[in-house]
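Residue numbers (the working numbering): 4 to 376.
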């Protein structure tokens, strides 16, 4: 049996069945060096242990027969985030999420988006979700004498904090170009004591179809979800509350054809062009989750090769993918490249596999998603 065949045989459900039956133990897994042995034992208890929902448990095992252990751990991670009072039970959700396909990253994103949809409809969802805010870690010191902690909180609060930190980091890197992005972010965070000071970064655009804007103003679209160019989302109710505040600006999207091209007269996209591009995408166009507000404007045909500064000739890429994009399609591919094709911008992988569009769930709320969806 080849290595690939061995890996294909190592699906989650057979391993969990053996753990439940006792023919495989945690001690066996620990001895073999599997780091997630404890998590696998917990999964075995979930999918093979006693439960009143045994029919749904069996259905989840059947539907998830093709999932890897990593994918099933992702399913369980998001199942635990379902709020009480949701329209489905945890076991109904497990059956649904076990049916997801794709890479572990794609399943992770799709599961998060689906659970978010269910949680939005829960009474007092914001308060219940905020009760899970946390700062964890920071206790263990590594071999370099460094420590790591993680912060979890409502997306708008975290994004508000990071806006201050990013603004400070940008200033620090201008003063000291030798600083990496991560180093500058840390120094800025430390200087601002967690984002409490410093300049406020630009407020993100909210992508709103014109007909929906009328509903929002009439308070008929309170539960409609809109995407923002900083990678977060906002309901109609939250939008009205923000718009009525004297410090907020809302942008309304309506697909209109107009002369917004600069051709070869300017290399840098104008503010109007940037607004159109970031609202079109909401994220980096490569297979990436970086919000459009933190990304750069990319000439699909490189400027040095005659590329024009037109909306249709540009797109949004994060700093990493902008720098790594294979600008010359005639050369052997190294990292892949983006192209604008009918239906939108696609990413051509370097291995020659079919072009793909970024599957991030928030992109359904982008200007392109609203028009084509």
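Heads up, the beta-carbon is just placed ideally off N, CA and C, and yes, glycines get one too. Since this is a predicted model, take the numbers as computed values, not measurements.
Residue closest to residue i, alpha-carbon to alpha-carbon, out of the options
i: residue 91; options: 121, 71, 109; result: 121
i: residue 136; options: 9, 153, 124; result: 153
i: residue 1; options: 298, 35, 22, 319; result: The structure shown does not extend to residue 1, since the chain is modelled only from 4 through 376, so no value can be given for it.
i: residue 161; options: 355, 234, 365; result: 234
i: residue 366; options: 58, 116, 195; result: 116
Residues bridged to residue i (per DSSP)
i: residue 300; result: 319
i: residue 139; result: 153
i: residue 340; result: 351
i: residue 1; result: Coverage of the chain is limited to positions 4 through 376, which leaves residue 1 absent and any answer about it impossible.
i: residue 237; result: 229
i: residue 359; result: 350
i: residue 209; result: 231
Residue i versus residue j: straight-line alpha-carbon distance, rounded
i: residue 183; j: residue 169; result: 13 Å
i: residue 308; j: residue 129; result: 50 Å
i: residue 323; j: residue 278; result: 21 Å
i: residue 140; j: residue 166; result: 23 Å
i: residue 98; j: residue 56; result: 11 Å
i: residue 13; j: residue 71; result: 7 Å
i: residue 357; j: residue 145; result: 42 Å
i: residue 368; j: residue 106; result: 22 Å
i: residue 229; j: residue 211; result: 6 Å
i: residue 291; j: residue 47; result: 32 Å
i: residue 104; j: residue 114; result: 10 Å
i: residue 353; j: residue 373; result: 29 Å
i: residue 93; j: residue 15; result: 19 Å
i: residue 180; j: residue 321; result: 19 Å
i: residue 147; j: residue 316; result: 46 Å
i: residue 236; j: residue 328; result: 28 Å
i: residue 118; j: residue 112; result: 10 Å
i: residue 172; j: residue 192; result: 8 Å
i: residue 156; j: residue 5; result: 45 Å
i: residue 438; j: residue 274; result: Residue coverage of the chain in this structure runs from 4 to 376, which leaves residue 438 outside it and unanswerable.
i: residue 238; j: residue 10; result: 43 Å
i: residue 344; j: residue 108; result: 25 Å
i: residue 371; j: residue 350; result: 16 Å
i: residue 149; j: residue 138; result: 17 Å
i: residue 240; j: residue 298; result: 28 Å
i: residue 158; j: residue 142; result: 25 Å
i: residue 346; j: residue 151; result: 42 Å
i: residue 338; j: residue 302; result: 16 Å
i: residue 58; j: residue 126; result: 28 Å
i: residue 34; j: residue 355; result: 40 Å
i: residue 8; j: residue 276; result: 50 Å
Close beta carbons around residue i, own chain, < 8 Å, minus the five adjacent residues each side
i: residue 271; result: 300, 312
i: residue 176; result: 182, 184, 187
i: residue 37; result: 43
i: residue 134; result: none
i: residue 325; result: 298, 299, 301
CB contact below 8 Å: residue i versus chain D
i: residue 207; result: Included in the structure is just one protein chain, with no chain D present.
Same chain, Cβ closer than 7 Å to residue i, five either side skipped, listed in chain order
i: residue 232; result: 207, 208, 281, 282, 285, 294, 295, 296
i: residue 266; result: Because residue 266 carries a pLDDT of 48, less than 50, the predicted location of this residue cannot be relied on, and no value is offered for it.
i: residue 20; result: 51
i: residue 101; result: 63, 66, 67, 70, 78
i: residue 306; result: 270
i: residue 32; result: 40, 43
i: residue 49; result: 79
i: residue 194; result: 171
Spatial neighbours of residue i in its chain, beta-carbon cut-off 6 Å, leaving aside the 5 residues before and after
i: residue 96; result: 82, 85
i: residue 18; result: none
i: residue 60; result: 54
i: residue 190; result: 175
i: residue 330; result: 305
i: residue 131; result: 86
i: residue 348; result: 288, 318, 341
i: residue 110; result: 74, 77, 103
ask   = Counting Cβ pairs closer than 8 Å, one from the segment 276 to 289 and one from the segment 350 to 363, do we hit at least three?
value = At 8 Å Cβ cutoff, the stretches touch.
inquiry  = Any contact between the segment 334 to 353 and the segment 78 to 95? By contact I mean 3 or more CB pairs, one from each, below 8 Å.
reply    = The answer is no - the segment 78 to 95 does not touch the segment 334 to 353, with fewer than three Cβ pairs under 8 Å.
Segment contact flag, the segment 27 to 35 with the segment 72 to 80, C-beta cutoff 8 Å, min 3 pairs = The answer is no - the segment 72 to 80 does not touch the segment 27 to 35, with fewer than three Cβ pairs under 8 Å.
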